[in-house]
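Colleague: Here the sequence shown is numbered in my numbering, starting from 11 and rising by one per residue.
Just so it is clear, CB atoms sit at the ideal spot from N, CA and C, and this is done for glycine as well.
Structure below; questions to follow.
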Amino acid sequence: MSYLEILQSYNLTVLHWLAIGAAVFILGLSKSGIKGIGIILIVILAFVFGEKASTGILLPMLICADILAVIYYNRHADWAVIKKLMPWIVIGILIGVWIGNDISEYVFKKLMAIIILVSVGLMFYLEKRKSKDLPTHKLFSIGMGLLTGFTTMIGNLAGPVSNIYFLTMRFPKNEFIGTAAWIFFIANLIKLPFHIFIWETVTVETLALNSVLIPAVLLGFLLGTSVVKRISNVNYRHFILIATANGGIVMLFR
11 MSYLEILQSY NLTVLHWLAI GAAVFILGLS KSGIKGIGII LIVILAFVFG EKASTGILLP
71 MLICADILAV IYYNRHADWA VIKKLMPWIV IGILIGVWIG NDISEYVFKK LMAIIILVSV
131 GLMFYLEKRK SKDLPTHKLF SIGMGLLTGF TTMIGNLAGP VSNIYFLTMR FPKNEFIGTA
191 AWIFFIANLI KLPFHIFIWE TVTVETLALN SVLIPAVLLG FLLGTSVVKR ISNVNYRHFI
251 LIATANGGIV MLFR
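See below:
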């Protein structure tokens with residue numbers, strides 16, 4: 011098929027294109043360091059493309075956004091933390107590959123919806139907690155690494171889990187963003203072969219679609235880096251969390 015025929019084969023309406031464009035724009039914003047909004051794009055893409063297929067469509071765009079983030083925030087990365095977490099993240103990814111490959115689309119959808127709802131619940135909990143103190147035992151780091159790897163493989167949903175860990179470290183904002191950027195860049199590169207050869211969710215067709223959407227990611231990232239220091243609207247974050255939770259509930263029962 012030609013490039014245009016591949017794009018037409020998705021049978022996307024104008025509304026679909028608008029929703030997808032908004033989702034990948036949000037991806038750019040979230041990778042620039044505006045936390046708490048990224049999860050909603052997972053819901054949007056899952057509704058348009060299906061739960062499992064959407065993970066493969068999103069992954070190459072995540073990697074592109076990760077590249078922007080590691081370039082921009084590279085000097086702020088804490089490599090000691092990265093080296094400590096990555097082995098457990100890799101194990102979590104492998105568990106996610108195994109489970110995700112052996113379950114039906116129906117079960118995958120339910121699992122993804124549950125992860126979304128639990129993630130939103132955790133984010134609400136952290137928003138409401140007066141104290142941000144959390145366990146710092148080695149087992150906590152291992153558990154967070156495993157969960158981060160598993161949830162990033164099952165639906166690219168590791169953001170809330172990793173946020174909990176970084177809150178315990180009391181990282182300054184730029185170190186938080188820079189360290190997370192490198193962790194997810196490495197994790198997403200590790201995930202790519204599994205999506206191509208085992209799940210078969212990254213294909214020539216999905217890459218053709220990605221090529222159309224990358225400019226929206228870049229635009230979101232550039233805008234996000236210019237406003238990240240000014241974003242502190244708690245009510246806006248609550249709106250995003252509520253909207254995402256509603257999406258997870260609908261996904262769970264549809």
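(1) Taking the alpha carbon of Ile-125 as the point to measure from, which residue in Lys-148, Pro-170 and Asp-112 has its own alpha carbon closest?
(2) Spatial neighbours of Ala-56 within its chain, please: C-beta separation below 6 Å, excluding the five flanking residues on both sides.
(3) Of the residues Gly-258, Val-222, Glu-210 and His-26, which one's Cα is nearest the Cα of Ile-16?
(4) Tell me which same chain residues have a C-beta within less than 6 Å of the C-beta of Phe-195, skipping the five on either side of it?
(5) Give me the Cβ distance between Leu-202 and Leu-69, rounded to the nearest whole Å; I'm assuming they're in contact under 8 Å.
(6) Taking Cβ to Cβ, would you say Gly-159 is nearer than 7 Å to Ile-99?
(7) Which runs of the alpha helix (DSSP H) fall wholly inside the stretch 114-177 and span at least 4 residues, in chain order?
(8) Identify which residue in Arg-180, Leu-127 and Ile-113 has its Cα closest to the Cα of Trp-209.
(9) Might you give, ordered along the chain, the residues of its own chain that have their beta carbon closer than 6 Å to the beta carbon of Phe-59, omitting 5 neighbours on each side?
(10) Rounded to whole angstroms, what is the Cα-Cα separation between Gln-18 and Ala-29?
(11) For a quick check, are the C-beta atoms of Gly-188 and Tyr-83 less than 7 Å apart?
(12) Helix, strand or coil: which one does DSSP assign to Val-212?
Modeller: Here's the rundown:
(1) Within the sequence shown, the letter at position 115 stands for residue 125. Among Lys-148, Pro-170 and Asp-112, the Cα nearest to that of Ile-125 is on Pro-170.
(2) Within the sequence shown, numbered from 1, the residue matching residue 56 stands at position 46. Once the five neighbours on either side are set aside, the close Cβ partners of Ala-56 are Ser-64.
(3) Here residue 16 refers to the residue found at position 6 of the sequence shown. Among Gly-258, Val-222, Glu-210 and His-26, the Cα nearest to that of Ile-16 belongs to Val-222.
(4) One-based indexing of the sequence shown puts residue 195 at position 185. Closer than 6 Å at Cβ, skipping near neighbours: Asp-76 and Val-80.
(5) Translated into the one-based positions of the sequence shown, residue 202 becomes position 192. Translated into the one-based positions of the sequence shown, residue 69 becomes position 59. Contact flag correct, Cβ pair sits at about 6 Å.
(6) Along the sequence shown, read from residue 1 onward, the residue named residue 159 stands at position 149. Along the sequence shown, read from residue 1 onward, the residue named residue 99 stands at position 89. Yes, the Cβ-Cβ distance between Gly-159 and Ile-99 is below 7 Å.
(7) 115-138 and 148-163
(8) Numbered from 1 along the sequence shown, position 199 holds the residue referred to as residue 209. Looking at the Cα atoms, Ile-113 is the closest of the given residues.
(9) Reading the sequence shown from its first residue, position 49 is the one you call residue 59. Within the same chain, Phe-59 has close Cβ partners Ile-67.
(10) Position 8 of the sequence shown, counted from the first residue, corresponds to residue 18. Position 19 of the sequence shown, counted from the first residue, corresponds to residue 29. Their Cα atoms are separated by approximately 17 Å.
(11) Here residue 188 refers to the residue found at position 178 when the sequence shown is read from its first residue. Here residue 83 refers to the residue found at position 73 when the sequence shown is read from its first residue. Cβ distance < 7 Å, so Gly-188 and Tyr-83 count as in contact.
(12) The sequence position of residue 212 within the sequence shown is 202, counting from 1. In the structure shown, Val-212 sits in coil (DSSP, three-state: anything other than H, G, I, E or B).
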